[in-house]
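There are 2 protein chains.
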Amino acid sequence: MRSFSKFIPQTTIYRLSLYLRELERLNSKGLTHISSKVLSKKMGVTDAQVRRDLSYFGKFGKSRVGYNIEKLAKKIRQILGIDNKTWKVALIGAGNLGRALFSYKGFRERGFLIKAVFDSDPLKIGKDLGGIRVKDVKDLVPTLKKGKFDIAIIAVPQESAQEVAKALVKARIRAILNFAPLRLDIPQKTILRNVDLSMELESLSFYLSKLR
Amino acid sequence: MRSFSKFIPQTTIYRLSLYLRELERLNSKGLTHISSKVLSKKMGVTDAQVRRDLSYFGKFGKSRVGYNIEKLAKKIRQILGIDNKTWKVALIGAGNLGRALFSYKGFRERGFLIKAVFDSDPLKIGKDLGGIRVKDVKDLVPTLKKGKFDIAIIAVPQESAQEVAKALVKARIRAILNFAPLRLDIPQKTILRNVDLSMELESLSFYLSKLR
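From first to last, the protein sequence lines stand for chains A and B. Quick note, the working numbering runs 4 ahead of the 1-based positions in the first sequence. Quick note, the working numbering runs 4 ahead of the 1-based positions in the second sequence.
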């Protein structure tokens, strides 16, 4: 994989995922080409933005012809690291959120395979979750070290999240998706993404306030 | 509320939420001022970006002194429509995801109050969920119309999402947060935000690919 010397904004990565979804949708409709103008309009950004986002990764598209949909989708999948690749994911927390994430189809479709689930609740430990036995969170470090996991998802209550994060770092997990509403203290080299669902609602209330 | 004539990027609104969380954290630590430089560093964006984001809404901060943390947080809460205001939210879907969202503390803290829950499963209808009785989704339109709801959250399986969206539009809901992995067909005036959790994982796999 080529390395990217330039600083790539987080929002660009996010938009690449959005472009990919749109390209896949257009492809499934039998379309073969799209201009940056039409694509940008569909995505609600400027076409300069689309071109800038893609320019970090090379040259795409031809003037007058636009982007080849299938090729661009393939390239974006490569960039995002989801091209013919699977990622081994550990899920910490088998509560409502954990179970919802476990059965989330989109993960599997994109190559993110949840291969271990942990919880600290004796009532949950040992239970079967879609073919996987929920493990005691006490066994997290040895299990993840041995199993060479890539990504961990934290879906535990706020109070336990930091402790879980510490164990994940000890288990040499390099990427964490955190659902606990808490600023985790982890080493800089560990890649962290926080999901804060109230932020999504705040974006709605912003627009609703404007309508009032 | 003042109206915003300029086009405000979705990503700016998203970052406002991020800034707000950081400002609140700093405020709780007793800090009173912060420069755009320090704030931007903490948020992983450039300080020009911070200033541009805020510039849509007026002039903030003083040179040399920086931003007054409490004032800026208050202003951002106003902009986001979460300043001393509550929003009435309906939740459609009482499965794992729905129940996880229902018990999500962050919503309540920010003034988003889930006041009705709907499902189509006879085993779930009538059950108590944290003090609220789960209603039959068949009663969605009259209930929401009568109750003057602001926001609806769709947490139903993909197959039922479009039907639910149609009912929500009929019930004159103006803002929808959609968790179903599906492009909903709704009128342009309805504000829609889609949550696609695999996009968060794609951002992690992007960085992991770079490390390989």
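Glycine residues also receive a C-beta, built at the ideal position from the N, C-alpha and C atoms.
Item	Value
Chain A residues whose Cβ lies nearer than 7 Å to that of B:Ile17	Ser207, Phe210
8 Å Cβ cutoff met for B:Ala156 and B:Phe183	no
Option in A:Phe11, A:Phe61, A:Leu76 with minimal Cα separation from A:Glu26	A:Leu76
Within-8 Å CB hit, B:Asn88 to chain A	no
C-alpha distance - B:Ile96 paired with B:Leu215, whole-angstrom precision	40 Å
Minimum Cβ-Cβ distance from B:Ser40 to chain A less than 8 Å	no
Terminal residues of the alpha helix (DSSP H) in which B:Asn88 lies	No alpha helix (DSSP H) holds B:Asn88; DSSP gives it neither H nor E.
Chain B residues whose Cβ lies nearer than 9 Å to that of A:Ala52	Neighbours of A:Ala52 on chain B: none; closest Cβ ~12 Å, over 9 Å.
Proximal residues of chain B, C-beta to C-beta of A:Val168 below 8 Å	In chain order: nothing, as chain B lies at least about 17 Å away.
Touch test, the segment 57–66 of chain A against the segment 120–127 of chain A, Cβ-Cβ under 8 Å, three pairs minimum	no
Other residues of its chain near A:Ala165: CB distance less than 6 Å, five sequence neighbours each side excluded	Ile158, Ala184, Leu186
A:Ser32: contacting residues in chain E (beta-carbon distance under 8 Å)	Any reference to chain E falls outside this structure, whose protein chains are A and B.
Contact under 8 Å by Cβ, A:Tyr18 with A:Leu43	no
Residue of B:Leu212, B:Asn31, B:Ala98 minimising C-alpha distance to B:Asp132	B:Ala98
Exposed unless 16 or more other CB atoms sit within 10 angstroms - verdict on A:Leu117	exposed
Short CB-CB distance (under 8 Å) between B:Asp154 and chain A	yes
Chain A contacts made by the segment 96–108 of chain B, where a contact means CB separation under 9 Å	Gly99, Asn100, Leu101, Gly102, Arg103, Ala104, Leu105, Phe106, Ser107, Tyr108
Distance, B:Lys109 Cα to B:Tyr23 Cα	20 Å
Buried versus exposed, by CB contacts within 10 Å (16 or more), A:Arg137	exposed
DSSP-derived helix/strand/coil call for A:Lys214	helix
Close beta carbons around A:Ile195, own chain, < 8 Å, minus the five adjacent residues each side	Arg178, Ala179, Ile180
CB contact below 8 Å: B:Asp125 versus chain A	no
Cβ-Cβ separation, A:Phe153 to A:Gly134 (assumed contact under 8 Å), whole Å	That pair is no contact at about 18 Å.
Short CB-CB distance (under 8 Å) between A:Phe64 and chain B	no
Contact belief for A:Lys149 with A:Ala175 at Cβ below 8 Å, rounded distance in angstroms	5 Å
Helix, strand or coil at B:Gly70 [DSSP, three-state]	strand
Where A:Lys152 falls: helix, strand or coil (DSSP)	coil
Exposure of A:Ala1, with buried meaning 16 or more beta-carbon neighbours within 10 Å	In the structure displayed, chain A extends from 5 to 216; residue 1 of chain A sits before or after that span and is not available.
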